[in-house]
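Q: Let me begin by handing over the structure; questions about it come next.
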Amino acid sequence: MYAFLNKYGQALAFGIGVLVTLIFLLGIFTAPAAEMEATSLDGSPPEKYVTTAFDFGIMISVILTVLAFIVAGIFGAAQFASNPKGALKGLLGLAALVVIALIAYSTVNGDIAQESPEIINSINKFKTDQETDFGSGTLKFVSGSILTSLVLIGLAVLTLVGFGVRSIFK
């Protein structure tokens, strides 16, 4: 299996991606005009969100994401079993990611009343449009996730610059 994926894996993944994209685009372009008009941004009522034109794309994205997590877990476990010492770096990286996420989550404010008027307005609009509850726990999770992303982007930029400077002096 490894030899097959090593030889044909990229071509297979690219082919599946192209096929899924073509099927998705075909579904969108062949959707009834009335259904596509319902998604226009003309300030229509909430019924404008009722369309099935994007269902295939959303469904296949969820399926492929779940499949990718399953395959990554299987291959990660196989790699760990075959080379535990080499997998230690990956485990340390995962632990660092979890620590960053926990620190970000614990440092953000979850009180909606203390947020800026723009964020409060967005939360209220979300509650109205999606007919759902957006409590302080959700705000804390979203804010923590955004902070985690920003920290990781910052670390990536610093690493890129650091290795660039290091390669100049090598």
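In the UniProt record's numbering, the protein residues as written are 1 to 170.
A virtual CB, placed ideally from N, CA and C, is assigned to each residue, including glycine.
(1) How many Å lie between Phe163 and Leu152 at the Cα?
(2) Measuring alpha carbon to alpha carbon, tell me which residue in Leu92, Pro117, Ser106, Lys125 is nearest Ser143.
(3) How many Å lie between Glu118 and Tyr2 at the Cα?
(4) Where are the alpha helix (DSSP H) runs, 4 residues long or more, that stay fully inside the stretch 82-141, in chain order?
(5) Using the C-alpha atoms, what's the distance from Leu139 back to Ile146?
(6) When you compare only the Cα positions, how much space is there between Ser61 and Ile168?
(7) Near Glu115, which residues of its chain fall below 8 Å by C-beta distance, leaving aside the five closest residues on each side in sequence?
(8) Can you tell me which of Ala31, Ala101, Leu22, Leu19 puts its alpha carbon nearest to the alpha carbon of Thr52?
(9) Measuring CA to CA, which of Leu92, Leu25, Ile120 is closest to Ser136?
(10) For Thr132, is the classification buried or exposed, using 16 other Cβ atoms within 10 angstroms of its Cβ as the cut-off for buried?
(11) Mark Thr148 as exposed unless 16 or more other C-beta atoms lie within 10 angstroms of its C-beta, in which case mark it buried.
(12) Tell me the rounded alpha-carbon separation between Val71 and Ala113.
(13) Please state whether the Cβ-Cβ distance between Phe56 and Ile103 is less than 8 Å.
(14) Going by beta carbon distance, what residues of the same chain come within less than 6 Å of Gly76, once the five residues before and after it are set aside?
A: Straight from the coordinates:
(1) About 16 Å.
(2) Ser106
(3) 51 Å
(4) Counting only unbroken stretches of 4 or more residues, the alpha helix (DSSP H) elements lying wholly within the stretch 82-141 are 84-107, 117-130, in sequence order.
(5) 11 Å
(6) 41 Å
(7) Asn109, Ile123, Leu139
(8) Cα-wise, what sits closest to Thr52 is Ala31.
(9) Ile120
(10) Counting Cβ neighbours within 10 Å, Thr132 comes out exposed, since fewer than 16 surround it.
(11) With 16 or more other CB atoms across the displayed protein chains lying within 10 angstroms of its CB, Thr148 is buried.
(12) 43 Å
(13) no
(14) Taken in chain order, the list of residues that qualify is empty.
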